[in-house]
Every structure is written in structure tokens, then in C-alpha cells.
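Undergrad: Residues in the sequence shown are numbered consecutively from 37, following the numbering used here. Yeah, the Cβ is synthetic: ideal placement off N, Cα and C, and Gly gets one too. Only a predicted model underlies this, so the values are computations on that prediction, with no experimental measurement involved. Pasting in a structure now, in C-alpha cells, and then I'll have a few things to ask.
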Amino acid sequence: MSMSIVDSEVRGRVEFDLAELHGAVVDPGMDSMRLLSETAMAFPDALSFSSGAPHDGNHDLSRLSVHLERYLRHLRETGVPERRIRRLLFQYGPVNGFIQDEIARMLVRDEDIHVPAEAIMVTHGAQEAMLIALRGLCTSPGDVLLSVSPTYVGIVGAAKTLDIPVKAVHEGPHGLEPKAVRAAAREVRAEGGRPVACYLVPDFANPTGTRLSEQARRELLQVAAEEGLLLLEDNPYGLFAAEGDQLPTLKSLDDKGCVLYLGSFAKSAFPGARIGYLVADQPVTEADGRVRPLAAVLSKVKSMISVGSSSIAQAVVGGILVEHDYDLRSATRELARTYLERLAATTSSLTEHFPAQRYAEHGVRWNTPRGGFFLVLEVGFTADLAAMERCARDYGVSWAPMSMFHVDGGGDRAMRLGFSNLSTEDIREGISRLARFITETPRTA
């Protein structure tokens, strides 16, 4: 290492070469979200399709205290002593949180998922849930995480931070294909590794917006059982299907204990709370013979990562759940309609600017999800960060390069368009600007 006491005495300060730091710090792929954020700050007047932020038009500061008071009233109504309430709010709380009962009731109503409260861990967003699950499940250097590709960058980042190799399972036109998961698991074993789990977002995936059919979900559960795989089901967007168009979660269909469920209130309540949760009801027999749910056992990991989740944030989220009788699906119907309107505005604007003739002429095509926050736009040139910066600077609109979301390369000529936090008017103007950028950028061979 170049960092040494002698060097620091000579130079007057400790210095590092980047290569001396952990691979998660060195890997340029780990920097994608920061680079997108900095581009947005550098061009504040650009309309941004690069974000996956939820709609913020329904946030009301006055409601924070209302939600908090509602939860405190709920605790008093259920007989919790005032001294215990003060301790919950002002002191370090239980490592796995204290709103598990409320989350369990919500899961029954919204997703038909039936688990005991102790099988739920409250986390600092779904990102912490990913870290904790991976740390608990992967025990040796040969353990491998399978992941749909393209995928949410956070799961790849969590795996890299923990030195867990990731095997890409390339997504088909309708999402992750069960036969591809089976093939990937067997390929890992043939190479001497152990496939531990497979990560996916079955409902309106980030970044592609695809959704697994119910048949594919059932087939995937069968593959997981036969191959000895766990499924990490991440479901941030499932509430935002059209009325009557929702599909059962993998967790609700799972009768063999193959699914760990990752949830978040960032989209359904508000992102600033940073409250997520991990559902892991698989029984674990401990050294003393006790049997506890995996989530309870994994509290040892959480205690060393974040000690516990914010008590105030939990209470606010708990108040929201109580206020809506644990039925967030009904409570977010208007929000779901907003996202569906924005999806429709995006696809109709693309069709307007790229009718059949221009569509082919410029190598442009896109998918049409049934919900969620994202779609993918393919173009006839390299759509990298440099192109995105030029688009933001010269045309006043930004987007996310799809190459950021591929586990093992790909997506060089595609953009992720996130429409969730743009009004329909801004979407139409943004697509108009983007169309001009695309048509004025030469196609490459």
C-alpha cells in the first residue's frame, strides 16, 4: 500500500490510491446514481426522466404530526403504558422495530400474505433489508446471487459491498423466465459455486417496467423449490396496478418457504421516512433448540448495521397504516391513477413523435408496461452518460442510460425513462425535447 507512516511523515498527510480501497468503492458501476444526481443538479432546468422518485404532490407537512398523533393514540387505545410509549419514541427501540403488528395486518389486507409479526424486520428502507438478507444467507466464497438483468442497481451494489458474486439471468420480453433461472442455477453449480437466491421485482420492474404473469410466478416457485433456491421478491410498485389488474405476489403463492419478501413505504407513504421491511418467516433452529423466524435471527446483523430504525419514522408510518385501516391499496388508488396517467402520457407522446415511418428511420422502439414508474426506450446510437449530459445541456431533458442496470454488460443503445415525478404537461414537453435530441443524433452502425 502507498499509505504508510513513513509516507505520511514525508507528505504531511495520509493518502490513498483508489485501487487500495474496497472493490465496491473502486467499481465505476457503483457510482451511477450519484452521477445521475449530479447531472440533474448541474442542469436544474432540464426535465428529468432520469429519476425514479415517487410523486411528491400529495405531501403535506401538516400531516406529519397528524400521523404521529394517530399512532400514539393507537398505542394508548391498545393499552400500552405511557412510560412505554415515551421510551419507544425517545430511546433506542427494538432492533427489529415496533410496527411489525401493523405491517403484518397490512400485508394480509393488501397482498394476502399471512405471517406472524415476529417474522417481520423493520429496516432503514428496502436497501438495508437487501444487505441484511444477503449477509445472512451467503456464508462462503462460493455462494452466488442470481439476479434478473437488467436490474435495480441497489441489489448489485449490496452484493458487491459484501463480496458476493452476482450471476445475471437475462430478462425476456415478459420479465424473468423460470427456465432461465433454472439454467443459471445449474450453470453456477457446474462451475463449483452454490446458487443461494434469485432477486427479482415481479411487478413493474425497475428499470424495464415488465411484470411476470401469474403462470410464470407459479413456475418460478416450482423452479426455486426444485433447485433449492430462495427468491428475494422486491415489491415497491405492486400497489400501482390498474383497478382489478393486480396479480398475487410470489410470497402469497409460496407454500414451501422459498420467498423472502422485501417491502418499502417509500412509494406508498413517503420516501423521507426511509422505512422498509423484510419478511422472512422461514424457521431457524438455534443452538439451544429454540426455533425462531429467520427475520428474528437476522436481527443480529441489523444490530451491527443500523442498531435500529428511526422510532419517529416508524410511528409516522404506523399512524398512516392505522388511519387507513391497514389498507394501503385502497388508500393509494388516486396515486395509482396518477402514475397510470403519466405512463399513458409518456407512451402517447412517444407515438406522436415517432409514428411508424420515423419509428423505423431512427431505430426507435419502446415497451408499454401496464403500470409502475419506468419504461425502456431503444435508440439507434450509444446512449451513455456523455450522451445523457449532452441531452440535458443542449436539449433540456435527461434520462438514465440502461447500461447502468445490466449486470454483465448490455443496454448500450437504450434509455430508462422514469415518468413518476413529472406532470403530464412536463412529460409531453420532455418527450418533445427528447425526440428532437434523438432525431438530431446520427445513428451508428
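What residues in its chain sit with their C-beta under 7 Å from that of Ile200, if we drop five residues either side in the sequence?
TA: Only Leu170, Cys174, Asp179 and Leu181 meet the Cβ criterion.
Undergrad: Using the three-state DSSP reduction, which class does Ser425 fall into: helix, strand or coil?
TA: Looking at the sequence itself, residue 425 is Glu, so the reference to Ser does not match. Helix.
Undergrad: Counting only runs that start and end within the region 144-223, where is the alpha helix (DSSP H) found for 4 or more residues in a row?
TA: Complete alpha helix (DSSP H) runs here, min 4: 161-173 and 189-197.
Undergrad: Any idea which residues DSSP pairs Met451 with across the strands?
TA: Beta-bridge pairing links Met451 to Leu413 and Pro437.
Undergrad: Taking the alpha carbon of Leu167 as the point to measure from, which residue in Gly446, Ser335, Leu71 and Ala277 has its own alpha carbon closest?
TA: Looking at the Cα atoms, Ser335 is the closest of the given residues.
Undergrad: Please determine, among Gly407, Glu263 and Glu207, the residue with the shortest C-alpha to C-alpha distance to Thr383.
TA: Out of Gly407, Glu263 and Glu207, Gly407 has the C-alpha closest to the C-alpha of Thr383.
Undergrad: Can Ala332 and Glu138 be called in contact, C-beta distance under 7 Å?
TA: Their beta carbons are not under 7 Å apart, which means Ala332 does not touch Glu138 by this criterion.
Undergrad: From Leu470 to Val192, what does the alpha carbon distance come to, in whole angstroms?
TA: Looking at the two C-alpha atoms, the distance is approximately 29 Å.
Undergrad: Of all the beta strand (DSSP E) runs that stay within the bounds of the region 263-341, which reach a length of 3 or more residues?
TA: The qualifying runs are 266-270, 295-300, 311-315, 319-321 and 327-329.
Undergrad: Report the three-state DSSP secondary structure of Arg112 (helix, strand or coil).
TA: In the structure shown, Arg112 sits in a helix (DSSP, three-state: H, G or I).
Undergrad: Distance, Cα to Cα, Val412 vs Gly466?
TA: If I take the Cα positions, the gap works out to 15 Å.
Undergrad: Excluding the 5 residues preceding and the 5 following Leu289 in the sequence, name in chain order all residues of the same chain whose CB lies nearer than 7 Å to its CB.
TA: So the qualifying residues of the chain are Arg253, Arg254 and Leu257.
Undergrad: Quick test of the definition: if touching needs 3 or more C-beta pairs under 8 Å, does the region 200-212 touch the region 228-239?
TA: Cβ pair count under 8 Å is three or more, so yes.
Undergrad: Inspect the CB distances between the region 129-136 and the region 334-354 and report whether three or more fall short of 8 Å.
TA: At 8 Å Cβ cutoff, the stretches touch.
Undergrad: Terminal residues of the continuous alpha helix (DSSP H) containing Val497?
TA: No information on residue 497 is available, as it lies outside the stretch 37 to 481 that the chain covers here.
Undergrad: Between the Cα of Phe390 and those of Ile474, Gly88, Gln251 and Phe301, spot the shortest distance and give me the residue it belongs to.
TA: Answer by Cα proximity: Ile474.
Undergrad: Using only CA atoms, which one of Gly172, Ala165 and Val189 lies nearest to Gly88?
TA: Nearest option by C-alpha distance: Val189.
Undergrad: DSSP three-state label for Arg401, please.
TA: If DSSP states are grouped into helix, strand and coil, Arg401 belongs with the strands.
Undergrad: On a CA-only basis, which of Pro243, Leu108 and Asp281 is nearest Arg122? Give me that one, please.
TA: Answer by Cα proximity: Leu108.
Undergrad: Relative to the C-alpha of Ile156, which residue among Arg328, Glu397 and Val50 is closest?
TA: Cα-wise, what sits closest to Ile156 is Arg328.
Undergrad: By Cβ distance, which residues of its chain are closer than 7 Å to Ile41, with the 5 residues on each side in sequence left out?
TA: Residue confidence is low: Ile41 scores 44 on pLDDT, short of 50, so the model does not pin down where it sits. No coordinate-derived value is stated.
Undergrad: Could you pull the DSSP bridge partners for Arg230 from this structure?
TA: Its beta-bridge partners are Asp179.
Undergrad: If we ignore side chains and look at the alpha-carbon of each, how far apart do Gln251 and Asp96 end up?
TA: Whole-angstrom Cα-Cα distance: 41 Å.
Undergrad: Does DSSP put Leu57 in a helix, in a strand, or in coil?
TA: Residue state, collapsed to three classes: coil.
Undergrad: Among the residues of its own chain, which have a CB less than 6 Å from the CB of Ala305, if the five just before and after it don't count?
TA: Closer than 6 Å at Cβ, skipping near neighbours: Val353 and Ile356.
Undergrad: Please list, in chain order, all residues of the same chain as Arg479 whose beta carbon is under 8 Å from its beta carbon, the five residues on each side excluded.
TA: If we look at Arg479 and ignore the five residues flanking it on each side, its Cβ neighbours are His398, Gly399, Gly416 and Phe417.
Undergrad: If I'm right that Val315 touches Ile135 with Cβ under 8 Å, what's the distance once you round it to whole angstroms?
TA: Not confirmed; about 13 Å, so no contact.
Undergrad: So, are the CB atoms of Val205 and Ala220 less than 7 Å apart?
TA: In this structure, Ala220 lies closer than 7 Å to Val205 by Cβ.
Undergrad: Give the secondary structure of Leu124 by DSSP, where H, G and I count as helix, E and B as strand, and everything else as coil.
TA: Three-state result, Leu124: helix.
Undergrad: Who are the Cβ neighbours of Thr477 in its own chain at under 7 Å, not counting the five residues just before and after it?
TA: Here the set comprises Phe417.
Undergrad: Three Cβ pairs or more, each shorter than 8 Å: is that satisfied between the region 414-433 and the region 66-81?
TA: Touching, yes.
Undergrad: Any idea what DSSP makes of Ser86, helix, strand or coil?
TA: Correct three-state label for Ser86: coil.
Undergrad: In three-state DSSP terms, what is Tyr362?
TA: Three-state DSSP puts Tyr362 in coil, outside helix and strand.
Undergrad: Among Lys292, Gly308, Arg120 and Leu283, whose alpha-carbon lies nearest the alpha-carbon of Arg365?
TA: Out of Lys292, Gly308, Arg120 and Leu283, Leu283 has the C-alpha closest to the C-alpha of Arg365.
Undergrad: Using only CA atoms, which one of Gly229, Glu56, Asp53 and Gly172 lies nearest to Ser339?
TA: Selected option, being the one with the closest Cα: Gly172.
Undergrad: Looking at the C-beta of Ile121, does it have a partner C-beta in chain C at a distance below 7 Å?
TA: No chain C is part of this structure, which consists of one protein chain only.
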